[in-house]
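*Asks:*
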Amino acid sequence: MTAKNLVIVESPAKAKTIEKYLGRNYKVVASLGHIRDLPKSQMGVDIEHNYEPKYISIRGKGDVIKDLKKNAKKAEHIYLAADPDREGEAIAWHVSHILDLDPKAKNRVVFNEITKDAVKNAFKTPRSIDMNLVDAQQARRILDRLVGYSISPLLWKKVKKGLSAGRVQSVALKLIIDRENEIRHFTPEEYWSLDAEFQKGRGKKFGASFYGTHGKKLPLPNNDKVQEILRQIDKTKPFTITNVVKKERKRYPAPPFTTSSLQQEANRKLGYPTRKTMMLAQQLYEGINLGGKLGTVGLITYMRTDSTRVSSVAKAETSQFIHEHYGEPYAAVKIRQGKLQEGAQDAHEAIRPSSTNRTPEQMAKVLTKDQLRLYQLIWSRFVASEMTPAVIDTVQLTIEQGAVTFRANGSQTKFAGFTKLYVSSRDEAAKDNLLPELAIGDAVKLTKTDPAQHFTQPPARYSEANLVKALEENGVGRPSTYAPTIETIKKRYYVKLTAKRFEPTELGEIVNDLITEFFPDIVNIKFTANVEGELDGIETGQADWVKIIDQFYQPFAKEVAHAETGIEKIQMKDEPAGFNCDICGAPMVIKLGRYGKFYACSRFPDCRNTKAIVKEIGVICPKCGKGQIVERKSKRNRTFYGCSRYPDCDFVSWDKPVGRDCPVCHHFLVEKRSRAGVQVVCPNNDYKEAVQKA
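The numbering of the sequence shown is the UniProt record's numbering, which starts it at 1 and goes up by one.
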């Protein structure tokens, strides 16, 4: 029996899940993403005729298109059920074009979560394709093509092949380089702190810090100032408690995740790159087989969103869950409404579990380790967002002797509230700091002073989380573009990750300098954010996409023409390596390649001898006892450790060997790194040494 209805989605996993919900009258097939796109071999945009895009079938999609047409001929009704965003709308439009469907026909179906009820309800109210969404996607695609295919060839000719530039990636690169320049030009400034310890009678000792003199805050720029303050203190006399301020403070939970906040938190808490976070979230959204009667179910709502709005149904279910599992005091009485950031598109809800009742503990048996960790993060953040605030009692003591003032701050959690379940990485759980019960007029004895010298620190390099945050705060790009943007600047070797922080390469700085000089608008954050806002106007039908692109392209084209003649050819000079080629005897040089620097023979191409640049760590190989352990890079740019005698010795380790053996089993010991610091462990048993701060 032939199914009467054909449903077309993007992915096979999604197709499999939906087909189970819809029953035998529906056949669900996948387009495997886009089936049409701009050609790779040419610009593909007719600038002279209103920037008309030239779409072609994507190479390798011939059989997919053939099958779609074959299935479409047999079906009475065709539904287009791609993802509920601009990209999904464009995919539906391209499929509609390939199958010669009426673009005004009500055959577009959208749902925010892949659950049985959500999918079935969506099929009750199909709509026509939203051309505003399609035009918004087309405009971004065309604009990015105009920028990329205009600047990239210039970089190939003037610098080296394989380089690229883009509307968002060039801004991301500039942010990283600007931060690096801040670090280079940073001048540390000295300052001091003066901590002290006090005690009332034989009571508990407590700490306080110098505040100032005569009731006014006073900085301590150097040791001379510290000694001046210490000379004002008479250690034979008591200090007096002159003020006690007690307050009750509330800490409110963070809202549920948007795409950007999920990428940031998964990077900080789980160490996941943005690309990995989005891949895992896609899997959770498209469906996981729970077994039995439940079958395959989408565990989270759609993961590309910049809204924190939550449906009333989800709120009600979560409130009931909190009442049952945590008790009434933990359930928020007043329903909090999600807020939208400026320029956010309230197309669908925040990222949340499709059902709060599917706890991470229950899902552990059907999810991979990485899937479970991300699901736990999403589930906990969402449930916590519907809980009551934490209540913290705070107390501040003012302690004086003559003109000198110290202050002590204490806190105690009175009610855990949402922190019983989840605390964001930016807002660590409050640690109780209990102060003794003291009253105004009480005398306390100074038992210890501890002056300490400090220096101001330069701003930290960007982590993936901080870079995503900076891009979002500046209105550059959209959350769905951040993962591919970051992958591109890493792939082009414009940046490298050092201790999980972005550091620009020499190549990245050269490219940034050229783009900054000849295409200042491309790397101008305000300009790029304004363009982003205008592109958003297309989505709401408030702006014409051709006009927006033309306003950008006309001045840009003049910059391209100027750059053609203005940019001089840059020679990437080879550095002497300091040793000769072991094949032909010519001097070896250090070259800059796609994946970083490497040794090569100076007689290239006559001699093609190359060697990886490796870093010895000062440890003898624990396997062969002859070679040195060297630091290497995997194809994914992940650091690992191997023997310098490879391939004669095949020793490898992801963790850094320390050159000592385990006292228990005599296996080699390695370093494990975490937020807490560095810990030496045995990979063969439970032996661990004390954590050393990194």
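Ideal Cβ placement from N, Cα and C applies to all residues, glycine included. Just so you know, these numbers come straight off a predicted model, no measurement behind them.
1) Thinking just about the alpha-carbon of each residue, which of PRO576, GLU616, ASP606, PRO605 is nearest to the one in TYR599?
2) Are MET278 and ALA483 close, meaning C-beta to C-beta below 7 Å?
3) Spatial neighbours of ASN409 within its chain, please: CB distance less than 6 Å, with the 5 preceding and 5 following residues excluded, ordered by chain position.
4) Between which two residues does the beta strand (DSSP E) containing residue 724 stretch?
5) Along the chain, where does the alpha helix (DSSP H) containing ASN223 start, and where does it finish?
6) Quick one: residues in its chain with C-beta nearer than 6 Å to the C-beta of GLU342, no 5 flanking neighbours on either side, listed in chain order?
7) Enumerate in chain order the residues of its own chain whose CB-to-CB distance from ALA332 is below 7 Å, with the five nearest sequence positions on each side excluded.
8) Between GLY508 and ARG381, what straight-line distance do the alpha-carbon atoms span, to the nearest angstrom?
9) Classify MET1: buried if its beta carbon has 16 or more other beta carbons within 10 angstroms, exposed otherwise.
10) Would you list, in sequence order, the uninterrupted beta strand (DSSP E) runs of no fewer than 3 residues that lie entirely inside the region 457–483?
11) If you draw a straight line from the C-alpha of LEU284 to the C-alpha of THR565, how long is it?
12) Give me the DSSP bridge partner(s) of THR498.
13) For ASN267, which residues of its own chain have a beta-carbon under 8 Å away from its beta-carbon, when the five flanking residues on both sides are left out?
14) Tell me which same chain residues have a C-beta within less than 8 Å of the C-beta of ALA122, skipping the five on either side of it?
15) Between ASN530 and ILE548, what straight-line distance do the alpha-carbon atoms span, to the nearest angstrom?
16) Can you list, in chain order, the residues of its chain with a C-beta nearer than 7 Å to that of GLN169? Leave out the 5 residues immediately preceding and following it.
17) Helix, strand or coil: how does DSSP classify THR485 here?
18) Under 6 Å Cβ to Cβ from ASP37, same chain only, skipping five residues before and after it: list those, please.
19) Straight-line CA distance for ASN609 to GLY295?
20) Thinking C-beta only, is LYS200 closer than 7 Å to VAL444?
21) Measure from the alpha carbon of LYS104 to the alpha carbon of each residue in ALA90, PRO504, ARG127, then state which is nearest.
22) Three or more C-beta pairs under 8 Å: does that hold for the region 447–464 against the region 412–426?
23) When you compare the region 53–69 with the region 22–41, are there three or more beta-carbon pairs, one atom per stretch, that lie closer than 8 Å?
24) From which residue to which residue does the alpha helix (DSSP H) around PRO605 run?
25) Between GLN571 and LEU146, what straight-line distance do the alpha-carbon atoms span, to the nearest angstrom?
26) Would GLY627 and ARG645 be called neighbours here (beta carbons separated by less than 7 Å)?
27) Does the pairing of the region 186–198 with the region 432–450 give three or more beta-carbon distances under 8 Å?
28) Return the bridge partner residues of SER209 from the DSSP annotation.
29) Taking all protein chains shown into account, decide if ALA344 is buried (16 or more other Cβ within 10 angstroms of its Cβ) or exposed.
30) Taking 7 Å as the threshold (beta carbon to beta carbon), is LEU435 in contact with chain D?
31) So if DSSP puts SER653 in a beta bridge, which residue, or which two residues, is it bridged to?
32) Here's the rule: buried if 16 or more other CB atoms are within 10 angstroms of the residue's CB, otherwise exposed. What is LYS339?
33) Which residue wins for smallest C-alpha separation from ASN181, given the options ILE522, LYS569, PRO459, TRP545?
34) Quick one: using the 10 Å Cβ neighbour count with 16 as the cut-off for buried, is residue 702 buried or exposed?
35) Where do the ends of the beta strand (DSSP E) carrying LYS395 lie?
36) Would THR505 and TYR493 qualify as a contact pair, given that the criterion is a beta-carbon distance under 7 Å?
*Replies:* Taking the geometry as given:
1) Looking at the Cα atoms, PRO576 is the closest of the given residues.
2) Pairing MET278 with ALA483 gives a Cβ-Cβ distance under 7 Å.
3) By the criterion of a C-beta distance shorter than 6 Å, ASN409 is surrounded in its chain by GLN396, once the five residues flanking it on both sides are discounted.
4) Here the chain comprises residues numbered 1 to 694, so residue 724 is not present and cannot be evaluated.
5) Here the alpha helix (DSSP H) through ASN223 covers 223–232.
6) Bear in mind that a pLDDT of 44 at GLU342, under 50, signals an unreliable position, so the model cannot answer this.
7) GLU386, MET387, THR388.
8) Approximately 37 Å, taken between the alpha carbons.
9) Low per-residue confidence applies at MET1: pLDDT is 49, beneath 50, and the placement is therefore not dependable enough to give any value.
10) The region 457–483 contains no whole beta strand (DSSP E) run of 3 or more residues.
11) About 51 Å.
12) BP columns for THR498 point to ARG501.
13) In the same chain as ASN267, and ignoring 5 residues on each side of it, the C-beta atoms closer than 8 Å to its own belong to PRO273, THR274, THR277, SER463, GLU464, ALA465, VAL468, in chain order.
14) Within the same chain, Cβ atoms closer than 8 Å to the Cβ of ALA122 are found at ALA81, VAL109, VAL110, PHE111, the five residues on either side in sequence being excluded.
15) Answer to the nearest angstrom: the Cα atoms are 11 Å apart.
16) Within the same chain, GLN169 has close Cβ partners THR485, THR488, ILE489.
17) Looking at THR485 - three-state DSSP - the assignment turns out to be helix.
18) The answer, listed in chain order, is ILE58.
19) ASN609 and GLY295 have their C-alpha atoms some 56 Å from each other.
20) In contact: VAL444 and LYS200 (Cβ atoms closer than 7 Å).
21) Looking at the Cα atoms, ARG127 is the closest of the given residues.
22) At 8 Å Cβ cutoff, the stretches do not touch.
23) Contact holds: three or more Cβ-Cβ distances are below 8 Å.
24) Annotation: PRO605 is outside any alpha helix (DSSP H) and is labelled neither H nor E by DSSP.
25) Taking the straight line joining both Cα atoms gives about 27 Å.
26) Yes, Cβ-Cβ distance for GLY627 and ARG645 is below 7 Å.
27) As far as the Cβ criterion goes, the region 186–198 touches the region 432–450, which means the pair count is three or higher.
28) SER209 is bridged to ASP195, ARG407.
29) Residue confidence is low: ALA344 scores 43 on pLDDT, short of 50, so the model does not pin down where it sits. No coordinate-derived value is stated.
30) You won't find chain D in this structure, because it holds only one protein chain.
31) Beta-bridge pairing links SER653 to TYR641.
32) With a pLDDT of 48 at LYS339, under the threshold of 50, the predicted position of this residue should be treated as unreliable, though the coordinate-derived value follows. A residue is called buried once 16 or more other Cβ atoms fall within 10 Å of its Cβ, and LYS339, having fewer, is exposed.
33) Nearest neighbour of ASN181 by Cα position, chosen from ILE522, LYS569, PRO459, TRP545, turns out to be PRO459.
34) Only positions 1 to 694 of the chain appear in the structure, and residue 702 is not among them; the question remains open.
35) With the sequence shown as reference, residue 395 is identified as Val, and Lys is not the correct amino acid for it. Boundaries of the beta strand (DSSP E) harbouring VAL395: 390–401, taken from the DSSP string.
36) Against a cut-off of 7 Å, the Cβ pair of TYR493 and THR505 comes out as a contact.
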